[in-house]
Amino acid sequence: MTYTNEAAFLAAISAPGTDSFNDLSLLFMTSPLSRSAGSYGYMASATNGFYAGGTTPDLWLGTNMAHDPIVLGSFTGNVYGLGGLFFTTDNLGAAKIGNITVSVTSGAVTASRTLTETSIGSFVGFVSATPLDQATITAQQPLLGFIWPTINNLTLGGASVAAVPEPATWAMMIVGLGAIGASLRRRTGSVGARFVPAP
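In this note's numbering, the protein residues as written are 150 to 348.
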């Protein structure tokens with residue numbers, strides 16, 4: 150499932166954790182980076198390394214080369230949901246309007262979403278029925294000039310809490326199934342007690 154509303158995405162996952170990237174201290178960083186979002190761990194990689202965009206105290210993770218995608222993977226903690234702010238920047242790491250494609254993979258299934266004319270508030274999130282393996286963020290290069298793929302406030306989450314009934318719901322289901330079983334037994338008993346006289 151794909152979400153462009155952050156509140157709806159957060160409601161669809163459990164135990165969310167966010168990586169704000171505000172601890173990035175160098176403009177250029179080698180790849181891969183070992184990162185965490187709450188209790189979840191992950192690796193971020195880019196062929197030619199990373200560049201910290203934005204300004205203190207709000208820093209963003211972008212690539213050093215415009216054509217390199219950001220690849221997120223090696224998730225720990227069973228990540229079922231991935232969302233965040235995905236946008237494009239210029240060569241100095243400042244926000245620049247552009248298009249960006251975010252893809253996530255779980256097993257043999259891949260889901261993608263292209264965000265057009267992005268800003269620093271462009272959100273997309275994905276929720277899967279099975280744990281995620283990888284995410285790829287790619288800037289769609291314009292005819293003139295270059296733009297860099299950039300992430301802020303990456304949020305990872307677990308399986309939806311809605312998939313697991315609460316204890317009270319389980320109790321009601323058990324009582325209901327018991328009542329159905331009892332009524333079927335009574336019905337079977339009354340049919341079995343019917344007397345048919347011999348001719």
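Ideal placement from N, C-alpha and C gives every residue a C-beta, glycine not left out.
Beyond the five residues adjoining it in sequence on each side, Gly230 comes within less than 6 Å, by CB distance, of Ile162, Val276, Gly306 in the same chain, given in chain order. The segment 150–157 makes no contact with the segment 181–196, as fewer than three CB pairs between them are under 8 Å. Taken atom to atom, the span from the alpha-carbon of Leu221 to that of Leu303 is near 10 Å. No Cβ-Cβ contact shorter than 9 Å links Gly233 with Ala288. Excluding five sequence positions before and after Ala164, the CB atoms of its chain that fall closer than 8 Å to its own CB belong to Gly187, Ser188, Gly306, Gly307, given in chain order. By the Cβ-count criterion, Val258 is exposed, with fewer than 16 other Cβ atoms from all chains shown falling within 10 Å of its own Cβ.
DSSP lists Ile219, Val251 as the bridge partner or partners of Ile286.
Contact between Leu281 and Phe224 holds, since their C-beta atoms are separated by about 6 Å, short of 8 Å. The DSSP-derived three-state label of Phe199 is strand.
If you compare the alpha carbons of Val228, Thr263, Arg262, Glu266 with that of Ser255, the shortest gap goes to Val228. By DSSP's assignment, Tyr229 forms no beta bridge with any residue.
If the five residues before and after Ile286 are omitted, its C-beta is found closer than 7 Å to the C-beta atoms of Pro218, Ile219, Phe235, Ile249, Val251, Pro298, Ile300, all from its own chain and listed in chain order.
Boundaries of the beta strand (DSSP E) harbouring Ala260: 258–264, taken from the DSSP string. Leu173 and Pro181 have their C-alpha atoms some 14 Å from each other. The shortest CA-to-CA distance from Phe199 to any of Asn213, Ser309, Leu208, Ile269 is the one to Asn213.
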